[in-house]
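A.B. asks: Per our numbering, the sequence shown starts with residue 2, numbered consecutively.
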Amino acid sequence: MKRYGRLPTAITVDGGPEFHSVYFEQLLALYRVRKHQRPAAEPRFGSPQERLFGSMQTEFLYHLLGNTQATQQPRQMTKATDPYHQAVWTLPALVERVQQWADEEYDTIRHPALAMTPREAYDLSMKQDGERTHKHIEYDDVFLKATFPTTRKGTAKVEPGVGVRMNYLDYWCEAMRDPTVEGKQVKVRYDPFDVSIGYARIDGRWRECITPYTEFAGCSERELQLLTEELRKRNRLQYGREQIELTQKQLATFRRDNTTVEAILSQQRHDRETKAALKVLEGGRSHKSADVRSHGTSGEQTPDGAHSKRQQHESDAETPAQKPAGGHDKLLVFRRIQLGGKNNGH
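(1) What residue range does the alpha helix (DSSP H) around L115 cover?
(2) Can you give me the C-alpha to C-alpha distance between S56 and F144, rounded to a whole angstrom?
(3) Let me check one thing: in DSSP terms, what residues is E209 bridge-paired to?
(4) Which stretch, first to last residue, makes up the beta strand (DSSP E) that contains K36?
(5) Does the stretch 51-70 come close enough to the stretch 158-167 to have 3 or more Cβ pairs within less than 8 Å?
(6) Give every residue of the same chain whose Cβ lies closer than 8 Å to the Cβ of D108, excluding the five residues on either side of it in the sequence, and list them in chain order.
(7) Which residues does DSSP pair with E160 in a beta bridge?
(8) Can you give the Cα-Cα distance for V334 and P84, rounded to whole angstroms?
(9) Mark T212 as exposed unless 16 or more other C-beta atoms lie within 10 angstroms of its C-beta, in which case mark it buried.
(10) Measuring alpha carbon to alpha carbon, tell me which of R190, W173, D192, L66 ends up nearest E183.
(11) For A350, tell me which candidate among L8, S48, A114, G17 has the shortest Cα-Cα distance.
(12) Looking at C-alpha atoms only, which residue of E139, G155, F61, I138 is the closest neighbour of Q27?
(13) Under the three-state reduction of DSSP, which class applies to Q249: helix, strand or coil?
(14) Look at V189 and T229 and say whether their C-beta atoms are less than 8 Å apart.
(15) Whole angstroms is fine: what's the gap from R223's alpha carbon to E19's?
(16) If I'm right that D15 touches R35 with Cβ under 8 Å, what's the distance once you round it to whole angstroms?
(17) What are the boundary residues of the alpha helix (DSSP H) that includes K188?
(18) Starting from the C-beta of Y63, find all residues in its chain whose C-beta is less than 8 Å away, skip the five residues before and the five after it, and write them out in chain order.
(19) Give every residue of the same chain whose Cβ lies closer than 8 Å to the Cβ of I12, excluding the five residues on either side of it in the sequence, and list them in chain order.
(20) Assign A71 to one of three DSSP states: helix, strand, or coil.
(21) Going along the chain, which residues of its own chain have a beta-carbon closer than 7 Å to the beta-carbon of T148, five neighbours each way excluded?
(22) Kindly list the residues whose CB is nearer than 8 Å to the CB of H137, restricted to its own chain and excluding five residues on each side of it in sequence; keep chain order.
(23) Under 8 Å by Cβ, that's how I've got Y169 and L227 pegged, so tell me the actual separation to the nearest angstrom.
(24) Ends of the beta strand (DSSP E) at A147?
(25) Which of helix, strand or coil does DSSP assign to L170?
(26) So V99 is in the alpha helix (DSSP H); what residue range does that whole segment cover?
(27) If we count the other Cβ atoms within 10 Å of its Cβ and call it buried at 16 or more, is S126 buried or exposed?
(28) Quick one: what's D195 bridged to in DSSP?
(29) What does DSSP give as the partner residue(s) for V14 in the beta ladder?
(30) For V89, name the three-state secondary structure that DSSP assigns.
(31) Verify whether the separation of the beta carbon atoms of Q87 and L66 is less than 8 Å.
(32) In this structure, how does DSSP classify L8 when only helix, strand and coil are distinguished?
(33) So, are the CB atoms of V196 and A157 less than 8 Å apart?
(34) Assign L62 to one of three DSSP states: helix, strand, or coil.
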């Protein structure tokens, strides 16, 4: 969509739960895209896409460091070939590389069924059938708002001085000060990757709304669900009630208390990934040598104790080492031992 500015007239999906979502079907209906449900246990209906996945694996994924081909024969796998110790690709970097492979490499390779490259086939179809500019869809704010999820009801009531409520959180914008808007039901949506931002349809426009609690900045929808479940468990253990009404203040306090722990865990995971990548890139160096190398290249100052030890080590390295005793010296030592034994005997 972002590259070509258009959606297909029909899309075939499998039995995954994400394709049975109401939001997904609403988006397809909005842009008049037909949805074809693939029958269960019938893989031949998805053979073109499965063939594309197979080509991506053999031509691209199997050549990346950390691929899981060695796990197919675990008895022949060693510690050096274990993909777990060679995983260096992060998800953002992998997504960028897969997109580059699909757009620049696979799209320019001659396809046996087409007798041309996929890009040439696309350009030829545009010339023969026309570009159909009336089917063009702008990748703008309107399209992005259409992809955002909403509540079960789809609308929310504008409470005076409070705003609209979505998923335990209140959202407010300046357009809600209008007395003609108060008390009305408006369409609402929210950002699934940052629940601190919501949108309300007021006067034919999507208005950006924010929540008064800054603790929810950067909180995803999934994280909010986990916080809600954990807080319900704690309330149930504390008060002995199955249904406990949650407030956004309780959720904000609970997330603020866990912010420090989450930051530490995130940093530790980042450090482990960095050390694993450095170990592989440096030819399998040990952790100790990698740490010494990183400290040596960093701009941080060394503590006094460590600095003195390093100076002592350098001074020891500069002093010439003692020469090993030659054969003549060994004979003199042995002669002294014999003379000492004879004197003790007398």
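Here a beta-carbon is modelled for each residue, glycine too, at the ideal position from N, C-alpha and C.
C.D. replies: According to the data block:
(1) Where L115 is concerned, there is no enclosing alpha helix (DSSP H), given that its DSSP letter is neither H nor E.
(2) 31 Å
(3) Y200
(4) 35-38
(5) no
(6) In its chain, beyond the 5 residues on either side, T118, P119, R120 have a beta carbon closer than 8 Å to the beta carbon of D108.
(7) G164
(8) The pLDDT assigned to V334 is 47, lower than 50, so where the model puts this residue is not dependable; a value taken from the coordinates is nonetheless given after this. If I take the Cα positions, the gap works out to 58 Å.
(9) buried
(10) W173
(11) This structure leaves residue 350 out entirely; the chain is present only between 2 and 347.
(12) G155
(13) When secondary structure is reduced to three states using DSSP, Q249 falls in the helix class.
(14) no
(15) Cα-Cα distance, rounded: 14 Å.
(16) Not confirmed; about 16 Å, so no contact.
(17) Element bounds for K188: not the alpha helix (DSSP H) but the beta strand (DSSP E), 186-192.
(18) Q70
(19) L29, V34, R35, K36, H37
(20) helix
(21) L28
(22) G6, R7
(23) Not really, about 13 Å apart at Cβ, beyond 8 Å.
(24) Not the beta strand (DSSP E): A147 falls in the alpha helix (DSSP H), residues 142-148.
(25) strand
(26) 92-101
(27) exposed
(28) D192
(29) Q38
(30) V89 falls in the coil class under three-state DSSP.
(31) yes
(32) coil
(33) One thing to note: V196 has its Cβ no nearer than 8 Å to the Cβ of A157.
(34) helix
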